[in-house]
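Before any comments, here is the structure.
Chains as they are written, first to last, in my numbering: chain D, 18 to 167; chain W, 18 to 167; chain U, 18 to 167; chain X, 18 to 167.
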């Protein structure tokens with residue numbers, strides 16, 4: 018699945034703070050990950066409110082981010098979020114930071130998240146209701162989201 | 018002028034990020050100042066867009082903040098901003114962080130800002146158009162805002 | 018007690034991160050408070066390791082900071098910390114951020130901290146052993162530290 | 018080249034701030050990137066002080082980070098940095114965050130950096146003196162560092 022195939026359902030406008038901006042006038046790269054977190058929480062809450070996130074947590078195992086253009090404080094930044102893969106104990110998000118005004122893609126990031134039994138402190142299978150909720154939200158079948166190979 | 022006398026004209030809803038929250042589940046105190054900055058910029062832009070902020074900058078000389086109650090990530094936080102004093106080369110802001118849902122005041126902060134000639138790198142008189150714009154926005158006379166003694 | 022009367026016993030060199038620096042090339046003001054926290058923790062650990070900080074916590078009630086000169090990323094910043102007042106349920110810290118190379122004072126901050134019963138969730142008296150440890154560390158009598166009026 | 022083949026020459030102890038720690042008591046993932054920046058700057062300064070970094074800048078094009086274990090505020094965190102690949106206009110860093118006390122690897126990150134003509138605002142060839150300085154520092158030949166295929 019390439020990024021151009023994505024039909025994004027979840028978009029979150031985000032606030033850029035003056036303290037996020039570095040001496041070049043660019044939003045510091047580390048800030049993207051705080052903003053991706055914000056969008057990720059919003060996504061999970063919207064898609065899978067039913068999942069018992071007290072018993073099952075999610076932890077980030079890997080991020081892979083391309084920085085394509087700098088973000089300025091005057092940008093109207095939005096974070097797009099989609100689940101692009103469902104595995105056994107993990108799932109993969111694609112997130113993109115886009116300036117609404119110019120339409121420019123500033124950064125894209127693939128994040129692997131692992132379901133985690135917070136009591137036993139070890140990875141667990143993704144709950145079926147969560148998988149179903151993601152499929153329904155993304156408008157994909159389970160086969161499609163499990164088959165993704167990138 | 019006591020805080021209860023304030024009729025707040027400028028309110029900015031702000032986003033709390035997961036990375037803002039500390040091990041106690043409270044928004045870290047240092048984050049307030051980034052949020053106050055955000056609200057301050059919004060205030061200055063709205064009130065005094067005409068002022069040539071390239072020639073005249075403002076720097077923070079003093080902050081005095083009371084932390085009254087912790088902010089949680091689920092709070093709907095808003096920052097209220099008002100100018101409560103106009104001096105010769107400085108002015109004073111009162112800012113408050115309030116949870117919209119509960120109405121609880123979480124933090125209040127008085128900030129002294131100094132007008133600054135960015136080329137000459139020294140403090141300068143507040144421009145008259147700025148003072149007039151603030152008075153018009155706050156619904157106060159120049160005498161009222163200059164006379165404030167706290 | 019004026020700042021010049023202070024004989025500082027506790028000094029902590031701190032690291033400035035690139036993400037701490039704003040578009041003017043200055044360390045963002047909000048960062049001072051994270052650095053003051055770091056120095057404060059170090060101070061409390063060094064001075065009063067015996068105090069049971071699990072039962073008795075400390076929360077910040079007020080900060081009052083003067084920003085005197087900008088911090089640059091090349092500065093060798095140190096935070097000086099001293100207790101300048103012991104009250105019944107609160108104590109006051111003076112902290113200063115100084116560039117070791119130039120000796121310039123960049124920022125000074127007075128912080129009021131309140132002892133807090135973490136179980137009962139309400140302010141409590143400062144433990145006597147804590148007061149004694151502070152007096153011993155600062156080289157002052159209890160009368161001197163309790164009498165401070167600013 | 019696998020990570021176990023690396024002989025790390027550059028190690029930087031880093032300070033963890035209370036504001037870096039999230040509600041789980043873990044250092045927030047976004048903080049790693051600020052710490053990697055700090056170590057990266059230190060590395061570049063140490064290795065290639067001769068390079069004219071005013072004319073030629075470096076920008077981060079991609080980060081790929083594995084989060085292996087949480088960092089606690091009591092950890093004695095160190096960042097290890099090595100250049101593992103030299104390309105035409107880019108080079109690749111491997112960085113690792115390790116707790117000195119336990120020896121545990123907490124996070125590893127591969128970062129692709131692109132040399133950038135700050136005036137012309139476009140990518141440029143890596144300067145030869147920079148390449149030579151890196152080879153000398155890492156104890157590798159140019160062939161070894163250019164041949165790396167991961």
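Quick reminder that beta carbons are idealized off the backbone N, C-alpha and C, glycines included.
| message | For residue 149 of chain U, report the span of its alpha helix (DSSP H) as first-last. | response | Along the third chain, read from residue 1 onward, the residue named residue 149 of chain U stands at position 132. Element bounds for residue 149 of chain U: 145-155.
| task | State yes or no: is the C-beta of residue 53 of chain W within less than 8 Å of the C-beta of residue 96 of chain W? | result | In the second chain, residue 53 of chain W corresponds to position 36, counting from 1. In the second chain, residue 96 of chain W corresponds to position 79, counting from 1. Yes, the Cβ-Cβ distance between residue 53 of chain W and residue 96 of chain W is below 8 Å.
| query | Can you list the residues of chain X that residue 87 of chain W reaches, using a CB-CB cut of under 8 Å? | reply | The sequence position of residue 87 of chain W within the second chain is 70, counting from 1. Under the 8 Å cutoff, chain X gives no residues; its nearest Cβ is about 12 Å from residue 87 of chain W.
| said: 8 Å is my cut-off, CB to CB: does residue 40 of chain W come that close to chain X? | reply: For the purposes of this step, residue 40 of chain W is identified with residue 23 of the second chain, where counting begins at 1. So, interface residue.
| Where the stretch 28-58 of chain W meets chain X: residues whose CB sits under 7 Å from a CB there | Going along the stretch 28-58 of chain W in chain order, one finds 35, 36, 38, 39, 40, 42, 45 and 47 with a Cβ nearer than 7 Å to chain X.
| request: List the endpoints of the continuous alpha helix (DSSP H) containing residue 50 of chain U. | output: Position 33 of the third chain holds residue 50 of chain U. For residue 50 of chain U, the enclosing alpha helix (DSSP H) begins and ends at 46-64.
| query | Would you report the Cα separation of residue 139 of chain X and residue 128 of chain X, rounded to the nearest angstrom? | reply | Reading the fourth chain from its first residue, position 122 is the one you call residue 139 of chain X. Reading the fourth chain from its first residue, position 111 is the one you call residue 128 of chain X. Taking the straight line from one Cα to the other gives about 19 Å.
| task | Counting only runs of 3+ residues fully inside the stretch 72-124 of chain W, write out the beta strand (DSSP E) ranges in chain order. | result | Counting only runs of 3 or more, we get 73-84, 94-103 and 107-116.
| query | Hey, is the stretch 97-112 of chain D in contact with the stretch 23-37 of chain W, meaning 3+ C-beta pairs nearer than 8 Å? | reply | Taking a cut-off of 8 Å on C-beta distances, the stretch 97-112 of chain D does not touch the stretch 23-37 of chain W, as fewer than three cross pairs fall below it.
| request: Using a Cβ cut-off of 9 Å, pull out every chain W residue sitting near residue 84 of chain U, in sequence order please. | output: Translated into positions along the third chain, residue 84 of chain U becomes position 67. Residues of chain W passing the Cβ test: 76, 77, 78, 79 and 80.
| field | residue 126 of chain W versus residue 146 of chain U - alpha carbon distance | value | By 1-based counting over the second chain, the position of residue 126 of chain W is 109. By 1-based counting over the third chain, the position of residue 146 of chain U is 129. Computed Cα separation, rounded: 33 Å.
| task | Have a look at residue 38 of chain W and residue 143 of chain D and give me their C-alpha separation to the nearest angstrom. | result | Translated into the one-based positions of the second chain, residue 38 of chain W becomes position 21. Translated into the one-based positions of the first chain, residue 143 of chain D becomes position 126. The alpha-carbon atoms of residue 38 of chain W and residue 143 of chain D are separated by roughly 27 Å.
| request: For the beta strand (DSSP E) holding residue 40 of chain U, just list the boundary residues, first then last. | output: Your numbering for residue 40 of chain U matches position 23 in the third chain. The continuous stretches of beta strand (DSSP E) do not include residue 40 of chain U, and DSSP gives it neither H nor E.
| query | Would you report the Cα separation of residue 18 of chain W and residue 27 of chain W, rounded to the nearest angstrom? | reply | Counted from its first residue, the second chain places residue 18 of chain W at position 1. Counted from its first residue, the second chain places residue 27 of chain W at position 10. Model confidence at residue 18 of chain W stands at a pLDDT of 43, short of 50, so the residue's coordinates are unreliable; what they give is reported in the following sentence. Taking the straight line from one Cα to the other gives about 18 Å.
| said: Given this structure, state the Cα-to-Cα distance separating residue 76 of chain D from residue 60 of chain U, to the nearest angstrom. | reply: The sequence position of residue 76 of chain D within the first chain is 59, counting from 1. The sequence position of residue 60 of chain U within the third chain is 43, counting from 1. Residue 60 of chain U has its alpha-carbon roughly 34 Å from the corresponding atom of residue 76 of chain D.
| message | So, for residue 48 of chain W: in the same chain, excluding its five sequence neighbours on each side, which residues have a beta-carbon less than 7 Å away from its beta-carbon? | response | In the second chain, counting from the first residue as 1, residue 48 of chain W sits at position 31. Closer than 7 Å at the Cβ level, and outside the excluded window around residue 48 of chain W, lie 37.
| When the cut-off is 8 Å and only beta carbons count, does residue 152 of chain X lie next to chain U? | As a first step, residue 152 of chain X must be located in the fourth chain, where it is residue number 135. Not one beta carbon of chain U lies nearer than 8 Å to the beta carbon of residue 152 of chain X.
| Quick one: is residue 159 of chain W buried, meaning 16 or more other Cβ sit within 10 Å of its Cβ, or exposed? | As a first step, residue 159 of chain W must be located in the second chain, where it is residue number 142. Classification for residue 159 of chain W: exposed.
| said: Between residue 117 of chain W and residue 93 of chain W, how many whole angstroms is the CB-CB distance? I'm expecting something under 8 Å. | reply: As a working note, residue 117 of chain W is residue 100 in the second chain. As a working note, residue 93 of chain W is residue 76 in the second chain. Contact flag correct, Cβ pair sits at about 4 Å.
| request: Can you give me the start and stop residues for the beta strand (DSSP E) that residue 28 of chain W sits inside? | output: Numbered from 1 along the second chain, position 11 holds the residue referred to as residue 28 of chain W. First-last of the beta strand (DSSP E) with residue 28 of chain W: 27-30.
| task | Starting from residue 132 of chain U, follow its DSSP beta bridges and name the residues at the other end. | result | In the third chain, counting from the first residue as 1, residue 132 of chain U sits at position 115. U:75, per the DSSP bridge assignment.
| field | Within 8 Å, strictly: CB atoms of residue 78 of chain U and residue 130 of chain U | value | Here the question's residue 78 of chain U lines up with position 61 in the third chain. Here the question's residue 130 of chain U lines up with position 113 in the third chain. For the pair residue 78 of chain U and residue 130 of chain U, the CB atoms are nearer than the 8 Å cut-off.
| said: I'd like to know if residue 18 of chain D contacts chain X, where contact means its C-beta is closer than 8 Å to some C-beta of that chain. | reply: Within the first chain, residue 18 of chain D is the residue found at index 1, counting from 1. Confidence is the limiting factor: at residue 18 of chain D the pLDDT is only 43, short of 50, which leaves the residue's position unreliable and the question unanswerable from this model.
| Based on Cα-Cα distance, which residue from W:41, W:74 and W:124 lies nearest to residue 111 of chain W? | Numbered from 1 along the second chain, position 94 holds the residue referred to as residue 111 of chain W. Taking only the C-alpha atoms, the option nearest residue 111 of chain W is W:124.
| Cα separation between residue 122 of chain U and residue 63 of chain U? | Walking along the third chain from the start, residue 122 of chain U turns up at place 105. Walking along the third chain from the start, residue 63 of chain U turns up at place 46. When rounded, the distance between both Cα atoms is 24 Å.
| said: If I follow the unbroken alpha helix (DSSP H) through residue 164 of chain U, where does it start and stop? | reply: Position 147 of the third chain holds residue 164 of chain U. Run containing residue 164 of chain U: 159-164, per the alpha helix (DSSP H) assignment.
| message | Let's test the definition: count the other Cβ atoms within 10 Å of the Cβ of residue 109 of chain X and tell me whether it reaches 16, buried, or not, exposed. | response | Residue numbering aside, residue 109 of chain X sits at position 92 when the fourth chain is read from its first letter. By the 10 Å Cβ count, residue 109 of chain X comes out buried.
| Same chain, Cβ closer than 8 Å to residue 43 of chain W, five either side skipped, listed in chain order | Working through the second chain from its first residue, we reach residue 43 of chain W at position 26. Closer than 8 Å at Cβ, skipping near neighbours: 87, 88 and 89.
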